[in-house]
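Numbering (mature numbering (1 follows the signal peptide of the UniProt record, and there is no 0)), first residue to last: -24 to -1, 1 to 599.
What follows is a single structure, written as structure tokens, with notes after it.
As structure tokens, this is what we get:
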């Protein structure tokens, strides 16, 4: 049963509010006991970043009660912070706090959220037209105008200050514009760079329509599916230079347009010069909407800019089903002999139910291992790694439809904790010590060799690397110069939507090798002819040797595809609003750190809420 938080001295359980705010009018029954930001019923599409063993949650949608049996959606305008700097039980009510996000910061879902030891970085994503709800019971229209991804919003952790500044655009190639929604987002902690691969320029907003049974409609950006464009390139944001770069990827290796997959940087490979990242799963948009197979993954070397693809194997042939909207974390063995990517949950086009399973992709063997543990089904959730050993999950739903009908997930504020060494869900967190560091589970080292400290004896896929250059990169060797493709342009997709594989970007140049051999043979022939001439006094002109033809290697697509049904992320909730567009504009005033402050194109409102932890123990429910 739902148990709401009571404000001190509040005796009224429910109260109907008629709300008026700066020209905007929204009428809705509101339970005043449900207005604490940590007391949300459910949440989805929230991004997570870890800094100094604190997990920061931003964006997405929250579900709160409206005095009836069903919750309603509001835009999440709080920065939530889960503190894992000290040992504690997950039921500790002080584990989570919330801070309101100022109105000039665009609130998004499916955008980029990165962080280092001192700052958080926010950009891109779709902007929802759902209002947000203050702790005082006011519904505030969100800033729904689309903005370019060139703007970076920041949060300074130590000073608790927000700011924004347009980043410098790439010197060559397309600019970093559009919403960059739903792409693959990665972060290199050592190099301190953020990455955006693929994604779409979906509409930047939805607005409330009081005359529609489903009250949201698109109001900015592309209005039809045909107008939506994908981005197959990889964008890099460097906070040190405050600059975007845009690298055109080779569509013979990468997928030109995909969404809702995972971009995982391997910590044991990260340096100030680059690192290795693995891209897993998602939905391919062209030439038809299909699920990306988990039987193949993409590998990106940020140091050289080279891409590789690699087939995976699976223990007992049990591959993870194709999926999107899942979450992932990675833990490296103490000696970096293996890097183990944990994936949890997600959804597929062929079912309304979310996945509850968990798998580990261990690298460099690229081998899938299913984790035998009971888990709650989840999609559109987030997860993060803390103390090198634990996976923290937050939010999500069990089904793709009727989200408002799902039971509230309020135990521990929707947080769950998974021990990546014992392979069990746990209610107790142990702060970082020498005993709580990640140790390789026996389920992994029984397959790849070694022990809990590493020492893996298997260092390659059982069938070998698909591209020889990948092995050198994983061994920390510098890759050779990428070999150009024959025509200089990507090949067309095949009938199954699989793009053709290029030869390895680090393959030895066979033409050079063959040419050198042939040249040597010709040289020897000339010398022999000259010697024969002087000895026999006869002219002899040797027939020039012909270079053997270089055959193209057999091509394989970067991913296998399965299933053709489309994914739908809309819900069919019935919450109703009466809404009238605000007409009065307000100029944001304030001080900054010398950077240019983003000028919001639509009204900005001052928030009344303050940072406040919950005042009651979480109720039980869910896992």
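Heads up, the beta-carbon is just placed ideally off N, CA and C, and yes, glycines get one too.
Would you kindly check if the distance between the Cβ of residue 332 and the Cβ of residue 608 is under 8 Å? Examination of residue 608 is not possible in this model, given that the chain is present from -24 through 599 alone.
Could you name the residues that DSSP lists as bridge partners for residue 158? Answer is none; residue 158 lacks a bridge partner.
Looking only at C-alpha atoms, which of 52, 68 and 110 sits nearest to residue 85? 52
Determine the extent of the beta strand (DSSP E) in which residue 170 is found, giving its start and end residues. 169 to 173
Smallest Cα separation from residue 220: which of 126, 64 and 293? 126
Runs of 3 residues minimum, wholly inside the region 10 to 69: which ones carry the beta strand (DSSP E) assignment? 18 to 20, 23 to 27, 30 to 34, 37 to 41, 47 to 51 and 54 to 59
Neighbour-count burial assignment, residue 216, 16 or more Cβ in a 10 Å radius: exposed
Range of the contiguous beta strand (DSSP E) that encloses residue 447: Here residue 447 belongs to no beta strand (DSSP E); instead the alpha helix (DSSP H) covers 444 to 450.
Which residue's Cα is closest to the Cα of residue 15: 436, 78, 38 and 149? 38
Inter-residue CB distance, residue 283 and residue 245 (contact presumed, cutoff 8 Å): In fact, because the Cβ distance is near 15 Å, the residues do not count as touching under 8 Å.
Go ahead and pull the three-state DSSP assignment for residue 307. strand
Per DSSP, which one or two residues make a beta bridge with residue 255? 239 and 274
Taking the beta strand (DSSP E) that residue 222 belongs to, which residues open and close that run? 219 to 223
Below 8 Å, can you find three or more Cβ-Cβ pairs linking the region 337 to 348 to the region 413 to 432? yes
On the CB-based measure, 16 or more other CB atoms within 10 Å of its CB, does residue 398 come out buried or exposed? exposed
Please confirm whether residue 415 and residue 363 have their CB atoms less than 8 Å apart. no
In whole angstroms, give me the CA-to-CA distance for residue 159 and residue 234. 7 Å
Quick one: what does DSSP say residue 229 is sitting in, helix, strand or coil? coil
Just to confirm my understanding: we take residue 396, look at its own chain, exclude 5 residues before and 5 after, and list those with CB closer than 7 Å. What are they? 307, 318, 365, 366, 367 and 414
Candidates 311, 345, 400 and 34: closest to residue 129 by CA position: 34
Spatial neighbours of residue 77 within its chain, please: C-beta separation below 6 Å, excluding the five flanking residues on both sides. 53 and 55
Cα-Cα separation between residue 150 and residue 419, rounded to whole angstroms: 45 Å
When you compare the CB of residue 71 with every CB in chain D, is at least one pair closer than 8 Å? Judged by its chain identifiers, the structure shown contains no chain D, having just a single protein chain.
What residue does the beta strand (DSSP E) around residue 317 start on, and which one ends it? 315 to 320
The alpha helix (DSSP H) with residue 418 in it runs from where to where? 418 to 424
Among the candidates 386, 444, 449 and 361, whose CA atom is the shortest distance from the CA of residue 60? 361
Quick one, are the C-beta atoms of residue 322 and residue 355 less than 8 Å apart? yes
Which residues bound the beta strand (DSSP E) around residue 88? 88 to 91
Which same chain residues, not among the five before or five after residue 249, have their C-beta less than 8 Å away from its C-beta? 167 and 279
Helix, strand or coil for residue 432? Go by DSSP, reduced to three states. coil
By the DSSP assignment, the beta strand (DSSP E) with residue 75 in it spans what residues? 72 to 76
Which word fits residue 377, buried or exposed, when buried means at least 16 other C-beta atoms lie within 10 angstroms of its C-beta? exposed
Sequence-distant residues of the same chain with beta carbon closer than 7 Å to residue 405, five excluded per side: 60, 63, 64, 66, 366 and 393
So what's residue 279 in DSSP terms, helix, strand or just coil? coil
Strictly by DSSP, which residues pair up with residue 111? Its beta-bridge partners do not exist; DSSP assigns none.
Nearest neighbour of residue 206, chosen from 218, 261, 170 and 212 [CA to CA]: 261
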